Every structure is written in C-alpha cells, then in structure tokens.
Amino acid sequence: MRFSVWPSTTQPWNEVLELAQFADDGFWHSVYVADHFMSPGDKPGKTSDWLEATAVMAALATATTNIRLANLVLSMTFRHPAVVANLAVTIDRISGGRFTLGLGAGWQDTEHEQYGLPLGEPKERVDRFAEGLAVISGLLTHETTTFDGQYYHLADALCEPKPTQSPLPLLVGGTGPRMLRLIARHAHEWNQWSSPGGFSERSAALDAACEKDGRDPATVWRSTQALVMVTDSPEAEAKAKAAAESTPQPVVYGPPERIAEAVGTWLNEGVDEVIVPDFAMPRGPARLDTYRALAEAFAPLS
Numbered sequence: 180m181r182f183s184v185w186p187s188t189t190q191p192w193n194e195v196l197e198l199a200q201f202a203d204d205g206f207w208h209s210v211y212v213a214d215h216f217m218s219p220g221d222k223p224g225k226t227s228d229w230l231e232a233t234a235v236m237a238a239l240a241t242a243t244t245n246i247r248l249a250n251l252v253l254s255m256t257f258r259h260p261a262v263v264a265n266l267a268v269t270i271d272r273i274s275g276g277r278f279t280l281g282l283g284a285g286w287q288d289t290e291h292e293q294y295g296l297p298l299g300e301p302k303e304r305v306d307r308f309a310e311g312l313a314v315i316s317g318l319l320t321h322e323t324t325t326f327d328g329q330y331y332h333l334a335d336a337l338c339e340p341k342p343t344q345s346p347l348p349l350l351v352g353g354t355g356p357r358m359l360r361l362i363a364r365h366a367h368e369w370n371q372w373s374s375p376g377g378f379s380e381r382s383a384a385l386d387a388a389c390e391k392d393g394r395d396p397a398t399v400w401r402s403t404q405a406l407v408m409v410t411d412s413p414e415a416e417a418k419a420k421a422a423a424e425s426t427p428q429p430v431v432y433g434p435p436e437r438i439a440e441a442v443g444t445w446l447n448e449g450v451d452e453v454i455v456p457d458f459a460m461p462r463g464p465a466r467l468d469t470y471r472a473l474a475e476a477f478a479p480l481s
C-alpha cells in the first residue's frame, strides 16, 4: 500500500510548497491538488482563496524531484480537453515523467453559475466527460485526432510533443455506473472518497465493469481518502468525534496507531493508495510532525 498527501490550495503558497517538499523526500508517494476556483459558500466578503490547480502542478513540478504529482481531479467543464491534453504534456515533461492526469465530470454549482460555465444534469456531465476523455486520449497517443461530437469538434488536431510517459497515467474519480464503465475502459487509477469498510461495494462494481469490458480488474490502481483528524487528548478526541458526526465527508480520527488500524481495513478491501488531506491537520510546525507520526504508524502497511 502507498500513502500520499493532499495539501489544500486555499492556504498560502508557501504552506502548499512546504508540505510538497516535505513529502518529496521519503515515505510519501504522490502530492494531489484539487481543482476549484471557489468553495460552494463563497461570496463577496467570504472567500476561501483557491489557487488554480494546473499552475500549482507546474510549480510543484519544478520544486520537487521524486514524488508523483496529480490533480484530484480536473473538471472537464473548466477547460477544453485539447487544452487539458497540452497542459498534461507540459507538466509531465517539466516533472520528468511524474505526472498523473486526474479527471472528473464536474459537480460544484457555484463555480459554474458565477463563471457562466455549463454544468448540466448528471447525464449531460457524463456525456461531455466521455467525449472529452476520447479527445484527450486521442491527442496524447495519436499523431492527429479528428473528433466530431456533441460538445467537441477537432479536425486533424496536433498535440506535440507527446508526454514523457507512455502512456501518461490517467486517474478518474467517480462512482456511478456510466463513470465506472469509462474507468474500466480508459483509466489507470480510480479514486473515491470512502470510510474504512465502505470502499468495497463500489470497488466490486468496478470489478464487474472491468470484466464486462474484458479487462483484468487488478490492472486498475485504487485510491481513496477521508478527512484525517489526529488526536492526542480526550478533548481532541471529543472534538474529532463531533466533527465526524457533522461533516458530510468520511472522517477517520484518533491517535496515529488507531488510524493505521482503520487503514488496515482499507488494505483488506483492496485499496492500493490512501491519500491524507491536510484540511483537518494542525497548522504550523505541528502539521509536519503529525505527518511524520502518521508515516511511522503506516510504515508496516506499506
């Protein structure tokens, strides 16, 4: 099992860079960065100050040397897929072949409403995503790409140079039946949020989609994440318990050793990689100490 970090890009750049460079030297496998321009509740006077995801990836590619880099995940609604393909090639070449292209269909209303970007109902999102995926795959692998779909149109399109990696690894986030079929057909890695013990149901559905498509399910790398809250006192434990009961996202909390026990459940469910967000980590110097403690607890599972 591998372990990775996910710094929030709502924090100052120097803190994003600090965690990435800390993780670059040793135990951690990848740095993941989300793709958002704002949070759902943002409005004048109340913002969460996101840094743009692809620019962050390019910057981290020059500031690290070992760790893999990935977006979790780029929304197909934000950028034309031909732009995404060229971005991916550039980041992969800058990083020396350490980039994984993470893609999703899009979901957050606020960004689309404020920027006038079409989002649509789930069916439309998946339709657009499927076309974009075909465009990106063609541009990254073929000399020219011609595509005439409902959303995208390309005529003998070039994308040169090609990525350093061949093929460039593709991560897709999603859990619906159509998304799982696309993942089975195209993706090297699949990601979903989950709680320990709650990963296997959708994982089994992906297995079935792979088998239907004639693909060995074992060839899809599987990653997951939950909010991680490390506690060191009864007061911190009570606070984490209350947060876990109120947040819509899965939460894993407790001392590092107990979190490692929960991670062991994921391992038994077939998870290949656990991503640890820093969203609920302490700020300042204590953040890196917390990651060190988690690495020590996770080491027997790696």
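Position 211 of the sequence shown, counting from 1, maps to 390 under our numbering, and the rest follow consecutively. Ideal placement from N, C-alpha and C gives every residue a C-beta, glycine not left out. The model shown is predicted, which means the values in this text are computed figures rather than measured ones.
{"Item": "Please name the residue in D288, E290 and D392 whose C-alpha comes closest to that of A363.", "Value": "D392"}
{"Item": "For A383, which beta-bridge partners are listed by DSSP?", "Value": "Beta-bridge pairing links A383 to no other residue."}
{"Item": "Using a Cβ distance threshold of 8 Å, determine whether the stretch 285–302 contacts the stretch 382–399, with at least three qualifying pairs required.", "Value": "no"}
{"Item": "Kindly list the residues whose CB is nearer than 6 Å to the CB of M408, restricted to its own chain and excluding five residues on each side of it in sequence; keep chain order.", "Value": "A419, Y432 and A459"}
{"Item": "Using 10 angstroms around the beta-carbon of G220, count the other beta-carbons present and answer buried if the total reaches 16, otherwise exposed.", "Value": "exposed"}
{"Item": "Can you list, in chain order, the residues of its chain with a C-beta nearer than 8 Å to that of Q200? Leave out the 5 residues immediately preceding and following it.", "Value": "A242 and T243"}
{"Item": "Could you work out which residue in P223, H321, G295 and S254 is closest to A336 when comparing CA atoms only?", "Value": "H321"}
{"Item": "Is DSSP giving Y470 helix, strand or coil here?", "Value": "helix"}
{"Item": "Where does P456 fall in DSSP's three states?", "Value": "strand"}
{"Item": "With 16 as the cutoff for other CB atoms within 10 Å, does A397 come out buried or exposed?", "Value": "exposed"}
{"Item": "Within the continuous beta strand (DSSP E) that includes A421, where are the two ends?", "Value": "Run containing A421: none in the beta strand (DSSP E); it sits in the alpha helix (DSSP H), P413 to S425."}
{"Item": "For A478, collect the residues of the same chain with a Cβ closer than 8 Å to its Cβ; drop the 5 residues on either side in sequence, then sort them by chain order.", "Value": "F206"}
{"Item": "Please classify F477: does DSSP put it in a helix, a strand, or coil?", "Value": "helix"}
{"Item": "Would you kindly check if the distance between the Cβ of L239 and the Cβ of S209 is under 8 Å?", "Value": "no"}
{"Item": "I'd like to confirm the pairing. Which residues does DSSP put opposite A439 in its beta bridges?", "Value": "None, per the DSSP bridge assignment."}
{"Item": "Ends of the alpha helix (DSSP H) at S352?", "Value": "The sequence shown places Gly at residue 352, rather than the Ser named in the question. Note, G352: premise wrong, no alpha helix (DSSP H); beta strand (DSSP E) at L349 to G352."}
{"Item": "Hey, could you find the ends of the alpha helix (DSSP H) N193 is sitting in?", "Value": "W192 to A202"}
{"Item": "Would P346 and R272 qualify as a contact pair, given that the criterion is a beta-carbon distance under 8 Å?", "Value": "no"}
{"Item": "Can you check which of these residues, V455, T410 and L406, is closest to A423 by C-alpha distance?", "Value": "L406"}
{"Item": "Would you say G276 faces chain D, with C-beta separation under 8 Å as the test?", "Value": "Within the model displayed, chain D is absent; a lone protein chain is all it includes."}
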